[in-house]
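Asks: Let me begin by handing over the structure; questions about it come next.
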Amino acid sequence: MRCERNKRQIRAMARGEIVGSLKIRQHVRKCLRCQAEMSRERRIQRQLQALRSDVPVPGGLVNRILDVVDTLDRTPAIARRRRSKFAGMCVVALALLVGIGSRSGRRRAAQAS
Ligand SMILES: [Zn+2]
């Protein structure tokens, strides 16, 4: 059995998306490489979960951030330096949230099917 070819399935198994075929489950039991791949994926998932509970995503948060950026744009020039730093932080936070959101969305879709 080619481990590389099973990588996707093994990762999905580690995420709990699929049970996996008997052939692959039997292989993983004997194959250290695939076991390592599984535990690596589980570790990544755990870190993502921890990140998600650290960064809650309430509804309308994106709009609120955009509102704040909008408000800051109308404040005096003194705040300009702080503003650009804040805007940069918002972009990073948004990228993070969008990334996590799309990932968990995909997982939900996979479970539904
Ligand atoms: Zn293997």
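Per our numbering: the sequence shown = residues 1 to 113.
Even for Gly, the Cβ is constructed at its ideal location relative to N, Cα and C.
Quick caveat: nothing in here was measured; it's all calculated off a predicted structure.
(1) State the DSSP-derived secondary structure class of Gln18, mapped to helix, strand or coil.
(2) Around the C-beta of Met13, are 16 or more other C-beta atoms found within 10 angstroms, so that it is buried, or is it exposed?
(3) Taking just the CA atoms, how far does Ala95 sit from Ile44?
(4) Compute the Euclidean distance between the alpha carbons of Val92 and Leu66, then round it to the nearest angstrom.
(5) Just to check my reading of the structure: Glu41 and Arg15 have Cβ atoms closer than 8 Å, yes? What is that Cβ distance to the nearest angstrom?
Replies: Put simply:
(1) Reading the sequence as shown, one finds Ile at residue 18 and not Gln. Under the three-state reduction of DSSP, Ile18 is assigned to coil, being neither helix nor strand.
(2) By the 10 Å Cβ count, Met13 comes out buried.
(3) For Ile44 and Ala95, the distance between alpha carbons rounds to 18 Å.
(4) In a straight line, the C-alpha of Val92 is about 13 Å away from that of Leu66.
(5) Between Arg15 and Glu41 the Cβ distance is about 6 Å, and since that is below 8 Å, they are a contact.
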